[in-house]
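Participant: One structure is given below, represented as structure tokens, and several questions about it will come after.
Protein chains: 2
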Amino acid sequence: MHTAIKEIKSHRYGDGDAIVVKGWVRTRRDSKSGVSFINVYDGSCFEPLQVVAPDSLNNYGTEVLKLTTGCSLIVSGRLVESHGKQQALELRAEQITVVGWVEDPESYPMSPKRHSIEYLREHAHLRPRTNVIGSVARIRNAISQAIHRFFSEQGFLWVASPIITASDCEGAGEMFRVSTLDLQQLPLDEKGEVDFDQDFFGKEAFLTVSGQLNAEAYACALSKVYTFGPTFRAENSNTSRHLAEFWMVEPEVAFSDLDESAALAESLLKAICQAVLSERRDDLQFLSGFVDADLIGRLETLVGSDFIHINYSDAVAILEQSGREFEFPVFWGADLSSEHERYLTEQHFKAPVVVKNYPKDIKSFYMKLNDDGKTVAAMDVLAPGIGEIIGGSQREHRLDILDARIQELGMKLEDYDWYRQLRRYGTVPHAGFGLGLERMVAYVTGLGNVRDTIPFPRTPRNASF
Amino acid sequence: MHTAIKEIKSHRYGDGDAIVVKGWVRTRRDSKSGVSFINVYDGSCFEPLQVVAPDSLNNYGTEVLKLTTGCSLIVSGRLVESHGKQQALELRAEQITVVGWVEDPESYPMSPKRHSIEYLREHAHLRPRTNVIGSVARIRNAISQAIHRFFSEQGFLWVASPIITASDCEGAGEMFRVSTLDLQQLPLDEKGEVDFDQDFFGKEAFLTVSGQLNAEAYACALSKVYTFGPTFRAENSNTSRHLAEFWMVEPEVAFSDLDESAALAESLLKAICQAVLSERRDDLQFLSGFVDADLIGRLETLVGSDFIHINYSDAVAILEQSGREFEFPVFWGADLSSEHERYLTEQHFKAPVVVKNYPKDIKSFYMKLNDDGKTVAAMDVLAPGIGEIIGGSQREHRLDILDARIQELGMKLEDYDWYRQLRRYGTVPHAGFGLGLERMVAYVTGLGNVRDTIPFPRTPRNASF
Chain A
1 MHTAIKEIKS HRYGDGDAIV VKGWVRTRRD SKSGVSFINV YDGSCFEPLQ
51 VVAPDSLNNY GTEVLKLTTG CSLIVSGRLV ESHGKQQALE LRAEQITVVG
101 WVEDPESYPM SPKRHSIEYL REHAHLRPRT NVIGSVARIR NAISQAIHRF
151 FSEQGFLWVA SPIITASDCE GAGEMFRVST LDLQQLPLDE KGEVDFDQDF
201 FGKEAFLTVS GQLNAEAYAC ALSKVYTFGP TFRAENSNTS RHLAEFWMVE
251 PEVAFSDLDE SAALAESLLK AICQAVLSER RDDLQFLSGF VDADLIGRLE
301 TLVGSDFIHI NYSDAVAILE QSGREFEFPV FWGADLSSEH ERYLTEQHFK
351 APVVVKNYPK DIKSFYMKLN DDGKTVAAMD VLAPGIGEII GGSQREHRLD
401 ILDARIQELG MKLEDYDWYR QLRRYGTVPH AGFGLGLERM VAYVTGLGNV
451 RDTIPFPRTP RNASF
Chain B
1001 MHTAIKEIKS HRYGDGDAIV VKGWVRTRRD SKSGVSFINV YDGSCFEPLQ
1051 VVAPDSLNNY GTEVLKLTTG CSLIVSGRLV ESHGKQQALE LRAEQITVVG
1101 WVEDPESYPM SPKRHSIEYL REHAHLRPRT NVIGSVARIR NAISQAIHRF
1151 FSEQGFLWVA SPIITASDCE GAGEMFRVST LDLQQLPLDE KGEVDFDQDF
1201 FGKEAFLTVS GQLNAEAYAC ALSKVYTFGP TFRAENSNTS RHLAEFWMVE
1251 PEVAFSDLDE SAALAESLLK AICQAVLSER RDDLQFLSGF VDADLIGRLE
1301 TLVGSDFIHI NYSDAVAILE QSGREFEFPV FWGADLSSEH ERYLTEQHFK
1351 APVVVKNYPK DIKSFYMKLN DDGKTVAAMD VLAPGIGEII GGSQREHRLD
1401 ILDARIQELG MKLEDYDWYR QLRRYGTVPH AGFGLGLERM VAYVTGLGNV
1451 RDTIPFPRTP RNASF
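Each protein sequence line maps, in turn, to chains A and B. Going left to right, the first sequence walks through residues 1 to 465 as our numbering numbers them. Going left to right, the second sequence walks through residues 1001 to 1465 as our numbering numbers them.
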């Protein structure tokens, strides 16, 4: 058995304990007095373990002095209290076994010099070996576990919404087609059109853009559910906020309304930030120096602040009266763009903001129509430093009003038959929202680009690895 | 605020407490003495809450007496100790608000009569309202949370492996193509072949069949990782064990070998079964009566048993000497089929069995070649009642041997360039396995068909909802 480095860092071991560590070389430094200091990491925490290798080791000259960044090792020895400031314990090696060398260290893509974040992206299979992407991986895991814990403790059931969907009614223009047809020999029907009856599912199929409608079916039976899975958008957007494949968390609650959903969103965001603050302080401290000095303060502020609630109409009035010149014009009926959202949350309120009750014409058919007949019970949650992080709504649970909205938008009632049945049989007010995991990780880590928050990002012209 | 029914069932409330419950009618029974008994469920646990509605309620005649299965209600009242045996507390209603009626109760697809499991499958959007699929949903959630907890407590990081992959080297024949090309107007290149350079990713892309290779990249940097996400198989298999879309759990551990992987698999399976036994006893008891009387005993046996470890060669000898006539012949070099696996685990050993070290010719290229040159360090975990539930291996971490295997199988080295780099730079022995979530849920619930263990199953000619 060997010991994870985080166990040593968390003071479960003391001076003189015999242990075995397995990991990779981060750096090696040789002193003139015939001893080498090797920083070894194993991914279990940010800080590497300092291994002290005396020249009395039988492979000191033949191997230890040849170790380079990335070599894999097994080190056995005893812990000793370090004289340095940062480290409480270092490992005095009694045996070092080199498990794997780095072939041609000069050309090793993860050599110890500082690489650009764009360069790391091109080496997505090796970048978890770096400090920054290692930190992102641990924080992403902490966030994901916190999300499952949060919902589980509140009695939510995790529900797998389908990834492949044959309903082309969610906006097929931005969807990826899923097919097993042979493109070199497409079967055609008598009209000369592609015969999808011969495709795997017997009809056109796509990758889902949201699990919400399916989650509603489960919420209308089991009360509190959430999805947590990949969703897809075939948008040709090369921005720092867009991925073709991204993970989404979508809670859905029966007998619930917009304000309860806003309160749930606030607790969720705070629970996530609190979890990272208490579990991954090491990685946050590193990232503070690397990308954003105010990172920890920003998360602590979010945890401690009361979210501001404001109606869309009042938000528009604030923006109109701001005296700012925005790139996109502000008027009642226009969707808020990123610059507007950031003004509200960063300049005006200096706090997270929930904007509620948007004009129905800029929102989706399934959102509950308010009594004014003009707005729907939709919300966006905006946070300083990132803008919109959550979007949600109360759903229209009244069949007659839902049907009118579907027809008003030129959609076909029969395409929504199963969804409408949820309103036909024991309907209940219900509400939910969606949180994009990668944007959340980008926010918490301070990294500006979602491509660095998912291990193997998929974007236009890129599906490598 | 309202109270989840499970809170009442778990004795957090007592006689005389005033509460509000929100849920749906399971059944209604009227007594001659002018009182109605309404069983209400909200999905939070198996047992419904008995609501006692006296005829003194102002809507007793106009509404309460018209309630049918599936109607949604808000009931406020006080808890009283029940005279019945099964229920400790029932709710004496002081007010019943009908939130949603069931339109035309005679035609309600989830009417209280017993429906076939096949009929329920055709109503996947409503079936979570039934006892059986409600139980499955809660057990599936308990299993999923137990999996995340298990790995998290052991220091594993959850890693998102990509869903869309452009590597066509994992067996493209059974993969779904992902594309945004217009099938009616396919772009062709100068050779007259489909020009995938114009597709979204600039080349052919597919849905992943496994996250393993990607997980290996992360394990070779962070030591202990697991994936938990959807995977896809475009196999035209209409069996009770196959889905086109299913969820897979794939741990991958650096500095690890086959025996450690087998031990990890054993602990994982036991942790899952133990979690369901302690958290979902109510649903297991119901399912015992519904599908499999020995359900609970089977899970308890698994938790209490030591898994048998046996080499493939010895397993073949046992099968050859069994005196059984198998449909598929048994000989050294043949893959074990379901009947062989079930004989070993159910008849011969009467315990879970780990079969190890299979002939290399029936296993994948990435598995570690054993010193005999004939077998690889692969394992299958077999459990009584289901057969193979886990498959895994130690991975080939030696570049020269991996390269020889790739070439031996007629594959191209350059297609595996990034994967081979993991062996070129600080390679380590590593191992992992895959657990299919739906098969696990089928095993734990006793349901014979994986289509009933995922909310919206995708199979040949079916991607509804």
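Note that the Cβ used here is the ideal one computed from N, Cα and C, for glycine as well.
Strictly under 7 Å for the Cβ-Cβ distance: is Asn238 (chain A) near chain B by that measure?
Facilitator: Within the first sequence, numbered from 1, the residue matching residue 238 (chain A) stands at position 238. No, its Cβ sits nowhere closer than 7 Å to a Cβ of chain B.
Participant: For Arg78 (chain A), which three-state DSSP category applies?
Facilitator: As a working mapping, residue 78 (chain A) is identified with position 78 in the first sequence. Arg78 (chain A) falls in the strand class under three-state DSSP.
Participant: Taking just the CA atoms, how far does Asn1236 (chain B) sit from Arg1439 (chain B)?
Facilitator: Stepping through the second sequence from its first residue, residue 1439 (chain B) is reached at position 439. Stepping through the second sequence from its first residue, residue 1236 (chain B) is reached at position 236. Each residue's alpha carbon lies about 18 Å from the other.
Participant: So what does DSSP say about Ala1172 (chain B), is it helix, strand or coil?
Facilitator: As a first step, residue 1172 (chain B) is located in the second sequence; it is residue number 172 there, counting from the start. Confidence at Ala1172 (chain B) is low in this model, with a pLDDT of 47, below 50, so the placement of that residue is unreliable and no value is reported for it.
Participant: Would you say Ala160 (chain A) lies against chain B (beta-carbon separation less than 7 Å)?
Facilitator: Reading the first sequence from its first residue, position 160 is the one you call residue 160 (chain A). Yes - at least one Cβ of chain B is within 7 Å of the one on Ala160 (chain A).
Participant: Taking the alpha carbon of Phe37 (chain A) as the point to measure from, which residue in A:His11, A:Ser82, A:Ala18 and A:Asp292 has its own alpha carbon closest?
Facilitator: Walking along the first sequence from the start, residue 37 (chain A) turns up at place 37. With distances taken between Cα atoms, Phe37 (chain A) lies closest to A:Ser82.
Participant: Look at the Cβ atom of Tyr1425 (chain B), then the Cβ atom of Pro128 (chain A), and state whether they are nearer than 7 Å.
Facilitator: For the purposes of this step, residue 1425 (chain B) is taken as the residue at position 425 of the second sequence. For the purposes of this step, residue 128 (chain A) is taken as the residue at position 128 of the first sequence. No, the pair does not count as a contact, with Cβ atoms beyond the cut-off.
Participant: Does the beta carbon of Ser1072 (chain B) come closer than 7 Å to any beta carbon on chain A?
Facilitator: Taking the second sequence and counting its residues from 1, the one referred to as residue 1072 (chain B) is at position 72. Yes, Ser1072 (chain B) lies at the interface with chain A (some Cβ there is under 7 Å from its Cβ).
Participant: By the three-class DSSP mapping on this structure, what secondary structure does Gly1304 (chain B) have?
Facilitator: By one-based count along the second sequence, residue 1304 (chain B) stands at place 304. Helix at Gly1304 (chain B).
Participant: Name the two residues that bound the continuous beta strand (DSSP E) containing Thr97 (chain A).
Facilitator: As a first step, residue 97 (chain A) must be located in the first sequence, where it is residue number 97. That run of the beta strand (DSSP E) goes Leu89 to Gly100.
Participant: Use the C-beta contact count for Gly432 (chain A): other C-beta atoms within 10 angstroms, 16 or more gives buried, fewer gives exposed.
Facilitator: Counted from its first residue, the first sequence places residue 432 (chain A) at position 432. Buried is the call here.
Participant: Could you check how far apart the C-beta atoms of Val1020 (chain B) and Ser1076 (chain B) are, in whole angstroms? I think they sit under 8 Å.
Facilitator: If you number the second sequence from 1, residue 1020 (chain B) lands on position 20. If you number the second sequence from 1, residue 1076 (chain B) lands on position 76. The Cβ separation is near 5 Å, so the contact holds.
Participant: Could you tell me whether any Cβ in chain A is nearer than 7 Å to the Cβ of Lys1022 (chain B)?
Facilitator: The count along the second sequence starts at 1 and reaches residue 1022 (chain B) at position 22. Closer than 7 Å: yes.
Participant: With DSSP run on the structure shown, which of helix, strand or coil describes Trp332 (chain A)?
Facilitator: Position 332 of the first sequence holds residue 332 (chain A). Here Trp332 (chain A) sits in coil by DSSP.
Participant: Among residues of its own chain, excluding the 5 on either side of His125 (chain A), which ones have a beta-carbon nearer than 7 Å to its beta-carbon?
Facilitator: As a working note, residue 125 (chain A) is residue 125 in the first sequence. Correct list, in chain order: Phe465.
Participant: Considering Cα atoms alone, identify which of A:Val276, A:Arg324 and A:Phe328 is closest to Val303 (chain A).
Facilitator: Translated into positions along the first sequence, residue 303 (chain A) becomes position 303. Per the Cα distances, A:Val276.
Participant: Can you tell me which residues form a DSSP beta bridge with Gly1392 (chain B)?
Facilitator: One-based indexing of the second sequence puts residue 1392 (chain B) at position 392. DSSP output for Gly1392 (chain B) lists B:Met1379 and B:Phe1433 as bridge partner(s).
Participant: Return the bridge partner residues of Phe37 (chain A) from the DSSP annotation.
Facilitator: Position 37 of the first sequence, counted from the start, is the residue given in the question as residue 37 (chain A). Bridge partners of Phe37 (chain A): A:Arg29 and A:Val52.
Participant: Helix, strand or coil for Tyr119 (chain A)? Go by DSSP, reduced to three states.
Facilitator: Numbered from its first residue, the first sequence carries residue 119 (chain A) at position 119. Tyr119 (chain A): helix per DSSP, three-state reduction.
Participant: Assign Lys374 (chain A) to one of three DSSP states: helix, strand, or coil.
Facilitator: Taking the first sequence and counting its residues from 1, one reaches residue 374 (chain A) at position 374. Three-state result, Lys374 (chain A): coil.
Participant: Can you list, in chain order, the residues of its chain with a C-beta nearer than 6 Å to that of Ser1223 (chain B)? Leave out the 5 residues immediately preceding and following it.
Facilitator: Working through the second sequence from its first residue, we reach residue 1223 (chain B) at position 223. Closer than 6 Å at Cβ, skipping near neighbours: Ala1254.
Participant: Taking C-alpha atoms, which residue in A:Leu409, A:Leu295 and A:Ser305 lies nearest to Gly448 (chain A)?
Facilitator: Walking along the first sequence from the start, residue 448 (chain A) turns up at place 448. Among A:Leu409, A:Leu295 and A:Ser305, the Cα nearest to that of Gly448 (chain A) is on A:Leu295.
Participant: Where does Ser462 (chain A) fall in DSSP's three states?
Facilitator: Numbered from 1 along the first sequence, position 462 holds the residue referred to as residue 462 (chain A). The sequence as given places Asn at residue 462 (chain A); Ser does not occur at that position. In this structure, Asn462 (chain A) counts as strand in the three-state DSSP scheme.
Participant: Given that His1011 (chain B) touches chain A, what residues does it touch there, using C-beta distances under 8 Å?
Facilitator: Here residue 1011 (chain B) is taken as the residue at index 11 of the second sequence, counted from 1. Neighbours of His1011 (chain B) on chain A: none; closest Cβ ~16 Å, over 8 Å.
Participant: If Arg1078 (chain B) and Asp1017 (chain B) are in contact, beta carbons under 8 Å, what's the gap, nearest whole angstrom?
Facilitator: Sequence index remark: in the second sequence, residue 1078 (chain B) carries index 78 (1-based). Sequence index remark: in the second sequence, residue 1017 (chain B) carries index 17 (1-based). Correct: roughly 7 Å between the Cβ atoms.
Participant: Any beta-carbon of chain A closer than 7 Å to the one on Ile1117 (chain B)?
Facilitator: In the second sequence, residue 1117 (chain B) corresponds to position 117, counting from 1. Cβ-Cβ to chain A under 7 Å: no for Ile1117 (chain B).
Participant: Decide if Thr165 (chain A) is buried, meaning its Cβ has at least 16 other Cβ atoms within 10 Å, or exposed.
Facilitator: Your numbering for residue 165 (chain A) matches position 165 in the first sequence. Flag for Thr165 (chain A) reads buried.
Participant: Which residues, in order along the segment 1405-1434 of chain B, keep a beta-carbon less than 9 Å from a beta-carbon of chain A?
Facilitator: Here the close residues are Trp1418, Tyr1419, Gln1421, Leu1422, Arg1423, Arg1424, Tyr1425, Gly1426, Thr1427, Val1428 and Pro1429.
Participant: Identify whether Thr453 (chain A) lies in helix, strand or coil by the three-state DSSP scheme.
Facilitator: Start at 1 with the first residue of the first sequence, and residue 453 (chain A) comes out as number 453. It is coil, neither helix nor strand.
Participant: Can you say whether Leu413 (chain A) is buried or exposed, counting buried as having 16 or more other CB atoms within 10 angstroms of its CB?
Facilitator: Counting from one through the first sequence, the residue named residue 413 (chain A) turns up at place 413. Answer is exposed; the Cβ neighbour count stays below 16.
Participant: With a threshold of 8 Å, are at least 3 pairs of Cβ atoms found where one atom belongs to the segment 1173-1183 of chain B and the other to the segment 1194-1206 of chain B?
Facilitator: Touching, per the Cβ criterion.
Participant: Using a Cβ-Cβ cut-off of less than 7 Å, give me the residues of the segment 1034-1063 of chain B that come near chain A, in sequence order.
Facilitator: Correct list: Asp1042, Gly1043 and Ser1044.
Participant: Does DSSP put Glu1245 (chain B) in a helix, in a strand, or in coil?
Facilitator: The residue you call residue 1245 (chain B) lines up with position 245 of the second sequence. Strand.
Participant: Specify the secondary structure class of Pro1109 (chain B) as computed by DSSP and reduced to three states.
Facilitator: Within the second sequence, the letter at position 109 stands for residue 1109 (chain B). Pro1109 (chain B): coil per DSSP, three-state reduction.
Participant: Expressed to the nearest angstrom, what Euclidean distance is found between the alpha-carbon atoms of Ala1215 (chain B) and His1430 (chain B)?
Facilitator: Stepping through the second sequence from its first residue, residue 1215 (chain B) is reached at position 215. Stepping through the second sequence from its first residue, residue 1430 (chain B) is reached at position 430. Approximately 11 Å, taken between the alpha carbons.
Participant: Please report how far the alpha carbon of Ala1172 (chain B) lies from the alpha carbon of Phe1196 (chain B), in whole angstroms.
Facilitator: The residue given as residue 1172 (chain B) occupies position 172 in the second sequence. The residue given as residue 1196 (chain B) occupies position 196 in the second sequence. The pLDDT assigned to Ala1172 (chain B) is 47, lower than 50, so where the model puts this residue is not dependable; a value taken from the coordinates is nonetheless given after this. For Ala1172 (chain B) and Phe1196 (chain B), the distance between alpha carbons rounds to 16 Å.
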